[in-house]
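Residue numbers (the working numbering): 1 to 168.
The C-beta atom is built at its ideal place from N, Cα and C for all residues, glycine as well.
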Amino acid sequence: MDPALIKLLRLRTRAFRRRMFRGIKTPRGALFFVIGTAMILLWLGPALFMAVAMDQRSNPQTVRAVVPLILLALCTLNVLTSGHEKAVHFTPAEVNFLFGGPFTRRQLLLYKLTASVAASVFVSLMFSVVFLQHSSMWIAAMLGYLLIMLFVQLFSMAMMLIGQTVAE
């Protein structure tokens with residue numbers, strides 16, 4: 001990937017953090033931050049406690065039987081509810097700055113996929129803590145959820161690209 005796109009990803013991450021923590025300086029923003037942090041802790045705390053307190057994990061045979069059906073349902077719902085969205089969506093600011101730049105289509109696609117992978121890593125970290133009681137190793141759960149999320153995203157993107165190609 002072009003070094004300018006890597007720098008843009010770093011700048012977007014820095015801007016996201018700055019935007020998230022800028023509101024803490026006001027009393028209202030600090031209150032919302034405290035409430036949001038408490039909600040996340042109340043969500044993750046019991047799941048973490050149950051994973052540590054309970055020594056019994058889910059039956060692997062049941063997981064192997066049920067997960068493919070859940071994955072099929074996720075992929076189907078994702079494709080059916082996406083409507084007529086674009087497969088690869090760029091914001092207006094990205095269109096103005098990236099399409100005018102000296103970047104190939106492959107570099108732009110890699111840029112968007114890298115940004116979606118970063119978001120998937122964060123969500124899979126949360127899921128791995130919530131569902132830790134169902135797995136024997138945390139890192140395996142985190143990698144499994146990351147791969148599931150990436151599969152669902154890339155599957156729906158591929159289906160939308162196929163649909164757009166057929167529609168032309």
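Taking each of Leu8, Met1, Ile6 and Thr13 in turn and checking the Cα distance to Phe122, the smallest one comes out for Thr13.
When C-beta atoms of the region 32-51 are compared with those of the region 131-138, three or more pairs fall below 8 Å, so the two segments count as touching. Of the other Cβ atoms in all chains shown, 16 or more fall within 10 Å of the Cβ of Leu5; this residue is therefore buried. Under the rule that a run must span 4 or more residues, the alpha helix (DSSP H) segments found entirely inside the region 60-137 read 60-81, 92-98 and 105-130.
Annotation: Ala158 to Leu143 spans about 22 Å, alpha carbon to alpha carbon. Remark: fewer than three beta-carbon pairs, one from each stretch, lie closer than 8 Å, so the region 81-93 and the region 146-154 are not flagged as touching. Met160 is a Cβ neighbour of Ala87, given a cutoff of 8 Å.
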